[in-house]
Amino acid sequence: MFVAGVSGAEERARAAAEDQGNHQIAAALNTRAKYLASTTLTEPRWANTTVVSGDLAAAIGELKAKPAGELHVHGSGALIRWLLENDLVDEINLLIVPVVLGQGTRLFPNAGPDTALDLLDSRVDSKGVTIQVYRPAGRPQYAD
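Residues in the sequence shown are numbered consecutively from 1007, following the working numbering.
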């Protein structure tokens, strides 16, 4: 299942409408169940999308408890930060593309709780993209 914030979902809905099934990932996302975290949007434009509002933590817990309860969040930095702050992340797949950008939104803000991560896997693809898989491990222990 795919979970997104409003800006990420709206952007992907536009791209999916333009795609018309020519891209494998877009085709898969168009047909699968999607959940949109929003307090303002009630009628999503993307097919197979359910708006989740109200107690988001409880709703995420219910989705995770379903038989196909693996949730994916791509982008949606604000949503990812909120999920981390509320201990709702089981695993982080972090892809680092070898490109330096001079601007953009930080995934991990300057303020907020520190989170320790346990490395589960690390690999590099043929284009130099590094892929690390982490499991959140609570708050880090710092030396005195």
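Note that CB positions come from ideal geometry on N, CA and C, so glycine has one too. Bear in mind that the values here come from a model prediction, so they are computed numbers and not experimental data.
Is the distance from the Cβ of residue 1120 to the Cβ of residue 1146 below 7 Å?
Walking along the sequence shown from the start, residue 1120 turns up at place 114. Walking along the sequence shown from the start, residue 1146 turns up at place 140. Yes; because the gap between Cβ atoms is below 7 Å, this pair is in contact.
Quick check on residue 1137: buried or exposed, where buried means 16 or more other Cβ atoms within 10 Å of its Cβ?
If you number the sequence shown from 1, residue 1137 lands on position 131. Answer is exposed; the Cβ neighbour count stays below 16.
If we require 4 or more residues per run, which alpha helix (DSSP H) segments fall completely within the region 1031–1072?
Correct list: 1062–1071.
Give the C-beta separation of residue 1089 and residue 1095 to the nearest angstrom, bearing in mind that I take them to be a contact with Cβ-Cβ under 8 Å.
Against the sequence shown, residue 1089 aligns to sequence position 83. Against the sequence shown, residue 1095 aligns to sequence position 89. Rounded, the Cβ-Cβ distance is 5 Å, consistent with contact.
Below 6 Å CB to CB, which residues in the same chain sit around residue 1092 once its five sequence neighbours on both sides are set aside?
Residue numbering aside, residue 1092 sits at position 86 when the sequence shown is read from its first letter. Cβ neighbours of residue 1092 beyond the five flanking positions: 1063.
Thinking C-beta only, is residue 1072 closer than 7 Å to residue 1054?
Along the sequence shown, read from residue 1 onward, the residue named residue 1054 stands at position 48. Along the sequence shown, read from residue 1 onward, the residue named residue 1072 stands at position 66. No; because the gap between Cβ atoms is not below 7 Å, this pair is not in contact.
With 16 other CB atoms within 10 Å as the buried threshold, where does residue 1130 fall?
Taking the first residue of the sequence shown as position 1, residue 1130 is located at position 124. Exposed, because fewer than 16 other Cβ atoms sit within 10 Å of the Cβ of residue 1130.
For residue 1098, I'd like the list of residues in its chain whose CB is within less than 6 Å of its CB, leaving aside the five on either flank, ordered along the chain.
Taking the sequence shown and counting its residues from 1, the one referred to as residue 1098 is at position 92. Result list for residue 1098: 1140, in chain order.
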